[in-house]
Amino acid sequence: MPDSHPQRLFAVTSDTLVIADLTPRRAGRRPRDRGSRGHGPYRRLLALPGARAFTAGNLLARLPMGMFSVSAVVMIAGARGSYALAGAVTATGLAATALLAPWIARLVDRHGQARVAVPATLFAALGSLALLLCVHCGAPDWTLFAAYAATATTPNTGGMSRARWNHLLGGDPAALHTANSFEQAVDELCFMLGPVAAAFLCGTFFPEAGTLAGVVLLVTGILTFTAQRATEPPPHPRPAARSPLRTPGLPPLLGVCLTLGAVFGATEVATIAFADERGHRTAAGLVLALQAAGSCAAGLAYGAIRPSGPASRRHPWCVAAMAALLTLPLLAATVLDSLPLLAAALLLSGTATAPTMVTTMALVQERTPVARLNEGMTLAVTGLLGGIACGSATGGWLADHTSPATAYAVPVTAATTALLLSLATARSRHGAGVSPVA
Numbered sequence: 000m001p002d003s004h005p006q007r008l009f010a011v012t013s014d015t016l017v018i019a020d021l022t023p024r025r026a027g028r029r030p031r032d033r034g035s036r037g038h039g040p041y042r043r044l045l046a047l048p049g050a051r052a053f054t055a056g057n058l059l060a061r062l063p064m065g066m067f068s069v070s071a072v073v074m075i076a077g078a079r080g081s082y083a084l085a086g087a088v089t090a091t092g093l094a095a096t097a098l099l100a101p102w103i104a105r106l107v108d109r110h111g112q113a114r115v116a117v118p119a120t121l122f123a124a125l126g127s128l129a130l131l132l133c134v135h136c137g138a139p140d141w142t143l144f145a146a147y148a149a150t151a152t153t154p155n156t157g158g159m160s161r162a163r164w165n166h167l168l169g170g171d172p173a174a175l176h177t178a179n180s181f182e183q184a185v186d187e188l189c190f191m192l193g194p195v196a197a198a199f200l201c202g203t204f205f206p207e208a209g210t211l212a213g214v215v216l217l218v219t220g221i222l223t224f225t226a227q228r229a230t231e232p233p234p235h236p237r238p239a240a241r242s243p244l245r246t247p248g249l250p251p252l253l254g255v256c257l258t259l260g261a262v263f264g265a266t267e268v269a270t271i272a273f274a275d276e277r278g279h280r281t282a283a284g285l286v287l288a289l290q291a292a293g294s295c296a297a298g299l300a301y302g303a304i305r306p307s308g309p310a311s312r313r314h315p316w317c318v319a320a321m322a323a324l325l326t327l328p329l330l331a332a333t334v335l336d337s338l339p340l341l342a343a344a345l346l347l348s349g350t351a352t353a354p355t356m357v358t359t360m361a362l363v364q365e366r367t368p369v370a371r372l373n374e375g376m377t378l379a380v381t382g383l384l385g386g387i388a389c390g391s392a393t394g395g396w397l398a399d400h401t402s403p404a405t406a407y408a409v410p411v412t413a414a415t416t417a418l419l420l421s422l423a424t425a426r427s428r429h430g431a432g433v434s435p436v437a
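Numbering that gives the first Met the number 0 puts the sequence shown at residues 0 to 437.
Right under this line is the structure:
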């Protein structure tokens, strides 16, 4: 019996009419949609070809970023008995990174990620091993500065990962917002697990264990990441775009990154010193991890929504929230003098970190030419590292000469300065007639 619908078959058996519907079914799709509604943006992101592979390698390479500084502080302070020396050594390494990182990033943009990142990482790994040997063998203090400065060639793995997302997503603003939030959550995850792993390894086995494990993870991760050639952005041997430093609106953002970095550096050293003063040095990593956990959760939530308004308008509000919440650790340390309450205060203050950093990096991507994207993002990271160096040195000095609790005033001051810079930048761009980019 003929039927106008090609997907159905009609047949008659005895006195019964049988209709067979051959239309393809989509069973189970609706329940999956309902169940994955909250995680849809991230599932779509990681479903892109090659995304999971380069993300796995990048995660391994970035985990040591949360280990090296804590391992160095614990290792040097334990062997030499001075947090001021430990803070100065890590500050020197970060300052050297601030000088060399843009140059490494420029080479990555021009010659490709795999061609530059691998030798740069191997050289940095040798610097970390040299620091380990100098501390273990009791070498003069100046050798610690020289060895840690050699680690400055470590490539900006977060910037390279963001450049891959920009290449895969074709500049889609909504998808890039999710990718930036995901990358910030990965950063926070690494800085959450890194200090815990470093403190555990250094305290449980031997003081150099954290640095040694970090070197192995860094080299393994970079080799895995750069092996994913299908997702690597094409190099730009002769970029026509001008330097990001001369791009309108980007230099003021670097000043904001500098002050935000001071927040992170001072908080890290102050927390380690505060826990050590109370006989709980190994707990310092866990306390710092709670701050990163708050930021990680906030970053994932922030990426799952689509914020309204341009990033330039949201930025001052994010920094203001960060400055306000950073008063909580200061009060917990100076007034309440309690390590558990300090941990809770750091957890709450961390919820403002990811939205602030996601919005900052979104502005950097908007204002940087594509041909020099890795360089622009590395300049932002360079500003953060320079600020971490200043904050680490200042926090270490205050912890040694006053008290660890007093050192928590540095993050509050730095965040307030970042807020003033963000407000001034927003006003200057508005007064110059520059319309914000969503």
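Beta carbons are placed, not taken as given, at the ideal position from N, Cα and C, and that holds for glycine.
Ranking T352, V363, A178 by CA distance to the CA of A292 puts T352 first. Shown here for A149: same chain residues with a beta carbon closer than 6 Å to its own, the five before and five after excluded, namely G126 in chain order.
Here M321 is not near G158, since their CB atoms are 8 Å or more apart. Going by DSSP, N57 is part of the alpha helix (DSSP H) stretching over 50 to 61.
Runs of the alpha helix (DSSP H) lying entirely within the stretch 172 to 241 and spanning at least 4 residues, in chain order: 172 to 203, 208 to 225. Two segments are said to touch when three or more pairs of C-beta atoms, one from each, lie closer than 8 Å; by this definition the stretch 191 to 198 does not touch the stretch 109 to 121. Between H235 and P368, the alpha-carbon positions lie close to 12 Å from each other. Using a C-beta cut-off of 8 Å, the stretch 343 to 360 makes no contact with the stretch 211 to 222, since fewer than three inter-stretch Cβ pairs fall below that distance.
Rounded to the nearest whole angstrom, the CA to CA distance from L217 to A55 is 12 Å. Contact annotation: the stretch 378 to 393 does not touch the stretch 125 to 143, with fewer than three C-beta pairs closer than 8 Å.
Per DSSP, A379 is one residue of the alpha helix (DSSP H) stretching across 372 to 400. Per DSSP, I103 is one residue of the alpha helix (DSSP H) stretching across 82 to 110.
Under the 8 Å Cβ criterion, the stretch 270 to 282 counts as touching the stretch 68 to 77, having at least three qualifying pairs. By the C-beta criterion, the stretch 96 to 106 is judged not to be in contact with the stretch 203 to 211, since fewer than 3 inter-stretch pairs fall below 8 Å. When the Cα atoms are used, A184 and L299 turn out to be separated by approximately 6 Å.
Cβ atoms of P251 and L420 come within 8 Å of each other, at about 7 Å. By the CB criterion at 8 Å, G386 and L249 fall outside the cutoff. Comparing alpha carbon positions, the residue from F67, P63, T412, S160 closest to A319 is T412.
Between R163 and P118, the C-beta gap is not smaller than 8 Å, which leaves the two residues out of contact. A direct Cα-to-Cα measurement between G213 and L47 gives close to 29 Å.
Close CB contacts of T355 within its chain, under the 6 Å cut and outside five residues either way in sequence, are with C317, V318, M321 (chain order). For Y41, the enclosing alpha helix (DSSP H) starts and ends at 39 to 45. Within the same chain, Cβ atoms closer than 6 Å to the Cβ of G86 are found at V268, S391, A392, G395, the five residues on either side in sequence being excluded.
The shortest CA-to-CA distance from H314 to any of V215, A342, L335, A361 is the one to A361. A residue is called buried once 16 or more other Cβ atoms fall within 10 Å of its Cβ, and L287 is buried on that count. Boundaries of the alpha helix (DSSP H) harbouring T359: 352 to 366, taken from the DSSP string. Per DSSP, the continuous alpha helix (DSSP H) segment holding M159 begins and ends at 156 to 168. Within the same chain, and ignoring the five residues on either side of F144 in sequence, the residues whose Cβ sits closer than 7 Å to its Cβ are V88, T91. Counting every other CB atom within 10 Å of its CB across the protein chains shown gives A229 a total below 16, marking it as exposed.
Put simply, of F67, L130, L45 the residue whose alpha carbon is nearest the alpha carbon of E182 is L45. With a 10 Å radius around the Cβ and a threshold of 16 neighbouring Cβ atoms, I271 comes out buried. Between P63 and A116, the C-beta spacing is not below 8 Å. Where H314 is concerned, the enclosing alpha helix (DSSP H) starts and stops at 310 to 324.
A straight-line Cα-Cα distance of about 6 Å links T358 and A310.
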